[in-house]
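Sequential numbering of the sequence shown, starting at 5, is according to the numbering used here. Take a look at the structure set out below.
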Amino acid sequence: MLAAALTVLSSAAHGEQAFEFDPAFLELGGGRGGADLSVYATSNRVLPGVYLVSVFVNGEAIDRRDIAFMFDGAHGGGEDAAPCLTARMFDEWGVNVATFPRLAQAGGDACVDIADSVPDARVDFDSHQLRLNVTVPQAALKRRARGSVDPARWDQGVNAALLDYQLSAAQYAGSNYASVNSRTTLYAGLRGGINLGAWRLSHTSSFLRGLDGKSRFQIINTFVQRDITAWNSRLMAGEGTTPANIFDGFQFQGVQINTDETMLPDSLQGYAPTVHGIAQTNAQVTIKQNGFVIYSTYVPPGPFTIDDLYPTSSSGNLEVTITEADGHTTTFTQPYSAVPMLLRDGSWRYNVTAGQYRDGISGSHPNFAMATVARGLPGEFSLYGGFIGAGMYQSVLVGVGKNLGTVGAVSFDVTHARSAVDLADSSTVSGHAFRVLYAKAVGGWGTDFRLLAYRYSTAGYRSFADAVQLRDGSEPAALGAKRQRLEGTVNQSLGRFGSMYATVAVQTYWGSAARSTVYQLGHSGNWGRASYGLYAGYSKGNGVPSNWNVSLSLSMPLEVLLGGARTRAAGGGSSNVTYFVSRNNENHVNQQMMVGGSSSDQRLNYSVGVAHSSQSDVSGTASTSYLAPFGRYDASIGSGRGYSQAVFTAAGGLLWHETALLFTQPLGDTVAVVDVPNVKGVHFEMHPGVSTNRAGEAVIPRLNPYRVNRIVVDQRRMPQDVEIRNPVSEVVPTRAAVVQTRFDSVVGLRAMFALTRPDGSSPPQGATAENDEGQALGVVGMDGEAFVAGLPDLEGHFIVRWGTERQNRCRVNYTLPGKGAVGAYPAMEATCN
């Protein structure tokens, strides 16, 4: 608070022209004399002390930390305190310290003047914004890709145990379910972990009980992993997934070491799949990959998008099943392809994996070893290749990628594979596969275009997964060798007309007329205060009948339909009305009208709706969800001809660290434990529902590993008797880390005082209010007015000080009234003796 108060009396930037302030100005109109305000005499005074400052290097925010300022003629001179900056700090901020002898030879904690060590470098301090601006020539910085974070800032976190869970139960009734074995479905997805230093133990499993009454428990993976920072790599032992950028990805049990792209800057990272679809009712969406159930959730009627799959879903096509409330199911394959293999000149990607093949389909688990490597070359070329070796399978791949400039980017590779697919006679088949990948982003048009084409020149080619499944006699490999596969996606921005996307995937087979096909087209936009969406989809899988559907959705604020009357949902939020209509290949038409809303803090959501369909006449739905500090809870009910449905879902997490057990929202992969000691009810921006418990702890979920994550206290919702001294904290966690950060607070009552001295005068403007320990509580303004925070009791005292001499201080005894209205502070007169 003292630092913030002093900045009001200081200039905008350290080093600007100093303007003298005449204390006699305060004596105009009968003011008091004798005020020792020498420390405030010039407008740009920066006083000694420790300041929490934001650090900018060449205009880019890179750090936030406490920095000591001191008077020292050797470091800044003049009348202002200068920051004590060390060679270690400059190294963390990206300066190539080793190339400048004076910096390199300085002690790690010794104050240095970078202007004396690095030509054309300088440091400026903006005291208004508490911003430290470091300007360094580009040649003096370490060479890093734009957006990278110095590994020295990566935080491995603390020892902890975690559990993420998603639980759902659905109860069905009606004539549509008369013949089923069970009318209750259950799903549980669990992901637990233990962190010890840099090591991470993780386990993911799922339980599913369907309408057939059968229970299925699957262990998706269990593994231990850690970073290898110097190599930008990850070492993993256990059950995992191979990368899908060179060979097709598959599940395995064994050991893997590979480049971890999340350690690289955003511009060098890859692509993650997103699932689009459409639901006719409150439907369950189940996603499988390689035979494992990796995701299950319930969605409301209309188009849906799922973009929060766990990292295990980083490769391989996704089998999506939509189970409607009336029991009808739709299944399609969501295509997922890699982008062209292109690397910057001199950069590497590699993967080495050895172990045992595993999936949820076949019974064979052959041992294998594989390795891939990619290298960026001059001229914007990239070379890549790899091999897979097993007793019944061998393959080799070589490829090249090229940036074609305005034309786009392309890569081409050839794979030769030899497979022993017949257990009876040990016969082998061999063949070649040719693959072309193309990508193009048209900046001026806002177009992102990706195309992937497979062409198998011989019928003898098998991928490793297909060879294992064919040898085992399991689906889907029983259809025969894949012949051609074509995938393409287009995302197009339409400016004020919204955006659209299109997806196509076609797979054909040798010796079979079977064909797998997926087409999807979507468009969304705004028209005035209304929003709309169009969707069309067609899919036909292996042995699955074809199906298609089209839909239109319209949504607008309820107040628009009511002629402009303002409407508010619970808690001051907003209300919307949505109309949805769809038609499918069975000529079933479904129409729905829904009204929904949310609270102002986005924690509470609700919707009610009525539907009319050509096959079940009238139906109704209602749903609500609530985001609490300790979890998310969803409930919905629906009823129509021949069925009724009730669904409840709970998702959350448990985190143990040191001696505390915390109940949290769903954790995600990487989290931060926030500590505001003994202060309950502190909220955080961009994290609805997260608030501190009685001990002052909270968990911030879903952080980005190896990135600067800003955690900001929501000052608008602070408890009335709490002030946070450092409302912004920055953390840079490693993958799956549990990092800690602390916010210092001043807890106490607040009041506005009109202060007078015994002679009728007021303490001078700029004087500080302090407690007995010298902690600043406030600053005196004009006419003796002082807003004081942090008073420990309703009755007590504080000190007002305006100089270093004993006579330049006085004591205020106060008695506050009882607690008033929320947000109101008492105002009173008091004598400063």
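Where a beta carbon is used, it is the ideal one built from N, C-alpha and C, also for glycine.
Cα-Cα separation, residue i to residue j
i, j, result
"N817", "G800", "6 Å"
"S219", "L565", "48 Å"
"A443", "V377", "21 Å"
"E369", "T334", "Checking the sequence, you will find His at residue 369 rather than Glu. Taking the straight line from one Cα to the other gives about 31 Å."
"D621", "L525", "28 Å"
"L551", "A174", "One point to set straight first is that residue 551 is Asn, not Leu, in the sequence displayed. So the alpha carbons of these two residues sit roughly 26 Å apart."
"L212", "R187", "14 Å"
"G193", "L322", "17 Å"
"A702", "Q744", "10 Å"
"A517", "A463", "14 Å"
"P633", "T674", "17 Å"
"V783", "V750", "15 Å"
"D748", "Q724", "16 Å"
"A506", "F308", "15 Å"
"I71", "I118", "15 Å"
"N371", "A676", "39 Å"
"L820", "N775", "16 Å"
"P87", "F94", "13 Å"
"A615", "Q649", "15 Å"
Residue i in three-state terms, based on DSSP
i, result
"R533", "coil"
"V712", "coil"
"Y302", "strand"
"A481", "Since pLDDT at A481 reaches only 46, below the 50 mark, its modelled position is unreliable, and the value read off the structure follows with that caveat. It is helical."
"I232", "strand"
"T374", "What sits at residue 374 in the sequence shown is Met, not Thr. Note: M374 maps to strand in three-state DSSP."
"Y829", "coil"
"E689", "coil"
"V411", "helix"
"I590", "Checking the sequence shown, residue 590 turns out to be Glu, not Ile. E590: coil per DSSP, three-state reduction."
"I365", "coil"
"G778", "coil"
"M93", "helix"
"N697", "coil"
"D70", "strand"
"E328", "coil"
"V735", "strand"
"E491", "strand"
"S175", "Correcting the residue identity first, residue 175 is Gln in this sequence and not Ser. Q175 falls in the strand class under three-state DSSP."
"G244", "strand"
"P723", "coil"
"S623", "strand"
Counted within 10 angstroms of its Cβ, other Cβ atoms place residue i as buried (16 or more) or exposed
i, result
"V593", "exposed"
"M786", "exposed"
"L861", "The structure shown has nothing for residue 861, since the chain only spans 5 to 837."
"K544", "buried"
"T835", "exposed"
"R238", "buried"
"I223", "exposed"
"A773", "buried"
"Q719", "exposed"
"E833", "exposed"
"P304", "buried"
"E809", "exposed"
"G380", "buried"
"D130", "buried"
"P709", "buried"
"H132", "exposed"
"P247", "buried"
Cβ-Cβ separation, residue j to residue i (assumed contact under 8 Å), whole Å
i, j, result
"S586", "Q288", "Contact doesn't hold; Cβ gap of about 18 Å is too wide."
"S617", "V599", "Contact doesn't hold; Cβ gap of about 19 Å is too wide."
"F438", "V418", "6 Å"
"D363", "A469", "7 Å"
"L346", "A413", "5 Å"
"G613", "G624", "7 Å"
"G788", "T760", "6 Å"
Touching by the beta-carbon criterion (3+ pairs, under 8 Å), the stretch 640-656 and the stretch 722-734: no
Given 8 Å, three or more beta-carbon pairs between the stretch 128-140 and the stretch 53-61: These segments touch.
At least 3 beta-carbon pairs within less than 8 Å: the stretch 752-771 vs the stretch 257-264: no
Validate contact between the stretch 191-209 and the stretch 157-168 using beta carbons, cut 8 Å, 3 pairs: Proximity of the stretch 191-209 to the stretch 157-168 meets the contact definition, three or more beta-carbon pairs being nearer than 8 Å.
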